[in-house]
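Take the sequence shown: its letter number 52 is residue 300 in the working numbering, and every next letter is one higher.
Below is one structure; the comments refer to it alone.
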Amino acid sequence: MSINEPSADWYTELLKEDCLTVKDFSHSVKDFALPGSYRKLIVVPENVKYEFHEYSNPDIPLVKSDLQLLNGTITSSILTPASQNETQNNDICLDKGN
């Protein structure tokens with residue numbers, strides 16, 4: 249980490265809380281450390297399916313769990329639309345396409 253970075257002090261203090269330093273993250277195998285700008289910050293998703301949902305009860309699952317999918321459990325309705333007197337919440341469910 250360069251000393252000229254404005255956030256260097258913040259990172260140093262944050263690491264110090266867990267008894268760590270920046271040097272603790274260096275590694276002789278560069279593939280493990282990934283120095284440089286390898287990670288993309290913004291990526292345009294491809295092959296993604298999505299659905300918008302409106303619901304009123306935050307305790308009702310928005311999607312089936314992995315266990316329900318594996319067992320083939322069928323529920324009557326995961327979501328029910330909000331009535332006029334209920335608070336309406338919105339969400340978007342993403343599904344990675346094949």
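Ideal placement from N, C-alpha and C gives every residue a C-beta, glycine not left out.
Rounded distance between the beta-carbons of residue j and residue i, thought under 8 Å
{"i": "Asp339", "j": "His301", "result": "5 Å"}
Three-state secondary structure assigned by DSSP to residue i
{"i": "Val277", "result": "coil"}
{"i": "Met249", "result": "Bear in mind that the predicted position of Met249 carries a pLDDT of just 48, short of 50, making it unreliable; the figure below should be weighed with that in mind. DSSP places Met249 in coil when its eight states are reduced to three."}
{"i": "Lys312", "result": "coil"}
{"i": "Val291", "result": "coil"}
{"i": "Glu265", "result": "coil"}
{"i": "Thr260", "result": "helix"}
Residue i vs residue j beta-carbon contact at 9 Å
{"i": "Thr335", "j": "Ser304", "result": "yes"}
{"i": "Val311", "j": "Cys267", "result": "no"}
{"i": "Thr269", "j": "Leu262", "result": "no"}
Beta-ladder partner(s) of residue i, from DSSP
{"i": "Glu302", "result": "Asn338"}
{"i": "Val270", "result": "Answer is none; Val270 lacks a bridge partner."}
{"i": "Lys344", "result": "Val296"}
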